[in-house]
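In terms of the numbering used here, the sequence shown is residues 1 to 59.
Here is the structure we will look at, set down as structure tokens.
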Amino acid sequence: MADIGQVVEGYRNTKEVYMLAVRMQVEMPIVEQVYQVLYQNKAAQLAAADLLSRDQKQE
1 MADIGQVVEG YRNTKEVYML AVRMQVEMPI VEQVYQVLYQ NKAAQLAAAD
51 LLSRDQKQE
């Protein structure tokens, strides 16, 4: 993040929200994909494709 040279909103919060979702066993696919992009070096394009390929369901 130091390479960006500016504030990155939500970087640290993403990890906290992801860990809380895991602990509470709440499915949060967007948070999961953002976490993987930020902390596990997943390509953003792959994360978007994974989200778009999910089965649709009622909310």
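Ideal Cβ placement from N, Cα and C applies to all residues, glycine included.
Original post:
When the Cα atoms are used, what is the spatial distance from Tyr39 to Tyr18?
Top reply: In the sequence shown, residue 39 corresponds to position 39, counting from 1. In the sequence shown, residue 18 corresponds to position 18, counting from 1. Their Cα atoms are separated by approximately 11 Å.
Rounded to a whole number of angstroms, what is the C-alpha to C-alpha distance between Asp55 and Gly5?
-> Position 55 of the sequence shown holds residue 55. Position 5 of the sequence shown holds residue 5. Approximately 38 Å between the Cα atoms of the pair.
Cα-Cα separation, Leu20 to Ala48: As a first step, residue 20 is located in the sequence shown; it is residue number 20 there, counting from the start. As a first step, residue 48 is located in the sequence shown; it is residue number 48 there, counting from the start. Taking the straight line from one Cα to the other gives about 22 Å.
Next item on the list: Work out the CA separation of Glu59 and Thr14 for me, nearest whole Å.
Entry: Locating residue 14 in the sequence shown gives position 14, counting from the first residue. Locating residue 59 in the sequence shown gives position 59, counting from the first residue. Each residue's alpha carbon lies about 22 Å from the other.
Backbone CA spacing between Val8 and Asp50 [nearest angstrom]: Locating residue 8 in the sequence shown gives position 8, counting from the first residue. Locating residue 50 in the sequence shown gives position 50, counting from the first residue. The straight-line gap from Cα to Cα measures roughly 24 Å.
Quiz item: Just how far apart, CA to CA, sit Leu16 and Leu46?
Solution: Numbered from 1 along the sequence shown, position 16 holds the residue referred to as residue 16. Numbered from 1 along the sequence shown, position 46 holds the residue referred to as residue 46. First, the amino acid is wrong: residue 16 is Glu here, not Leu. Approximately 22 Å, taken between the alpha carbons.
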